[in-house]
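In this note's numbering, the protein residues as written are 66 to 314.
Right, dumping it as structure tokens:
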């Protein structure tokens with residue numbers, strides 16, 4: 066009987082250990098996500114897009130970035146979103162960003178499939194192609210916010226400051242040089258890549274230059290902005306924190 070009793074106790078302990086191990090074998094959730102959330106398969110529809118104002122969309126981008134910074138992104142059912150957007154798209158905004166791999170635009174603003182257009186080019190400038198793409202995003206597809214976003218330590222901007230010449234990179238950097246020259250005209254101090262303050266100022270001026278160029282070279286976008294149907298905003302992404310600072314006028 067003693068052996069039988071000891072065996073029962075041992076079996077009970079083993080079962081308890083297995084239950085405990087199973088309960089701790091799930092995903093590694095942060096404290097902000099202790100409650101299990103059902104992934105959302107919701108997408109923007111024509112009706113939802115039409116009801117949004119540019120101000121509401123801008124606020125949504127700000128709130129999304131705050132969730133990104135807090136490591137509290139919205140759980141999404143991407144396959145459901147793929148299915149629901151297969152017959153059409155109604156994005157709320159278009160973001161013009163650098164190609165830098167450390168700036169994952171959709172994640173930065175906590176957006177899912179079909180939520181935003183993203184145009185990426187080293188140095189986040191605009192040319193005929195990107196202007197045409199942005200006109201499509203706004204005048205045709207109905208997006209109501211254009212966000213031009215530069216970022217900390219932008220390699221394209223730093224290359225323009227150093228006047229790098231290399232293959233097609235030379236022509237690309239010429240699109241950024243106006244912001245470099247403009248900044249040097251009024252900057253007092255070390256106007257080189259050795260000075261982070263100067264580099265940051267060129268990055269911000271490049272965003273402003275891009276926005277002004279867009280207004281000047283796209284009557285369609287300028288007219289949409291004038292009517293209040295589209296809002297154009299600049300932004301700066303911090304590589305150290307993930308925080309987006311909005312450079313609102």
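We put the CB at the ideal spot given by N, CA and C, even for glycine.
Since the structure is predicted, the reported quantities are computational estimates derived from the model, not experimental observations.
{"query": "CB contact below 8 Å: residue 280 versus chain D", "result": "Judged by its chain identifiers, the structure shown contains no chain D, having just a single protein chain."}
{"query": "Buried versus exposed call for residue 118 [16 or more other C-beta atoms within 10 Å across all chains shown]", "result": "exposed"}
{"query": "Residue 122: CB within 7 Å of a non-hydrogen atom of the ligand SAM", "result": "Inclusion of the ligand SAM in the displayed structure is not the case, the ligand content being empty and no account of it being possible."}
{"query": "Alpha-carbon spacing of residue 262 relative to residue 107, whole angstroms", "result": "42 Å"}
{"query": "Range covered by the alpha helix (DSSP H) that runs through residue 234", "result": "234-238"}
{"query": "Cα-Cα separation, residue 288 to residue 157", "result": "18 Å"}
{"query": "DSSP beta-bridge partners of residue 141", "result": "105"}
{"query": "Burial state of residue 133 (16 or more Cβ within 10 Å)", "result": "buried"}
{"query": "Under 8 Å between C-beta atoms of residue 224 and residue 212", "result": "no"}
{"query": "Contact check, residue 189 vs residue 207, beta carbons under 8 Å", "result": "no"}
{"query": "For residue 268 and residue 297, believed in contact at Cβ under 8 Å, the rounded distance", "result": "The pair is not a contact, with the Cβ atoms about 18 Å apart (cut-off 8 Å)."}
{"query": "Nearest to residue 103 (by Cα), restricted to the options 116, 121, 143, 278", "result": "143"}
{"query": "Residue 303 burial status per 10 Å Cβ neighbour count (16 or more: buried)", "result": "exposed"}
{"query": "Bridge-paired residues (DSSP) for residue 317", "result": "Any property of residue 317 remains undetermined from this structure, which presents the chain solely from 66 to 314."}
{"query": "For residue 40, three-class secondary structure by DSSP", "result": "Summary: the structure shown does not reach residue 40, with the chain confined to residues 66 through 314, and so no result is reported for it."}
{"query": "Between the CA atoms of residue 204 and residue 221 - distance to the nearest angstrom", "result": "30 Å"}
{"query": "Beta-carbon proximity check, residue 123 vs residue 175, cutoff 8 Å", "result": "no"}
{"query": "Option nearest residue 154 by Cα separation, candidates 191, 166, 112", "result": "112"}
{"query": "Buried or exposed by the 16-neighbour rule on C-beta atoms within 10 Å, applied to residue 96", "result": "Unreliable positioning characterises residue 96 in this predicted model, as indicated by a pLDDT of 35, which lies under 50. The coordinate reading is nonetheless provided below. By the 10 Å Cβ count, residue 96 comes out exposed."}
{"query": "Residue 184 and residue 199 closer than 8 Å at C-beta", "result": "yes"}
{"query": "Close Cβ partners of residue 161 (< 6 Å) along its chain, the five nearest in sequence each way excluded", "result": "184, 189, 213"}
{"query": "Residues near residue 114 in its chain [Cβ-Cβ closer than 7 Å; skip 5 each side]", "result": "155, 157, 207"}
{"query": "Residue from 105, 197, 145, 127 with nearest C-alpha to residue 280", "result": "197"}
{"query": "Inter-residue CB distance, residue 312 and residue 299 (contact presumed, cutoff 8 Å)", "result": "4 Å"}
{"query": "Simplified DSSP state of residue 206, which is helix, strand or coil", "result": "coil"}
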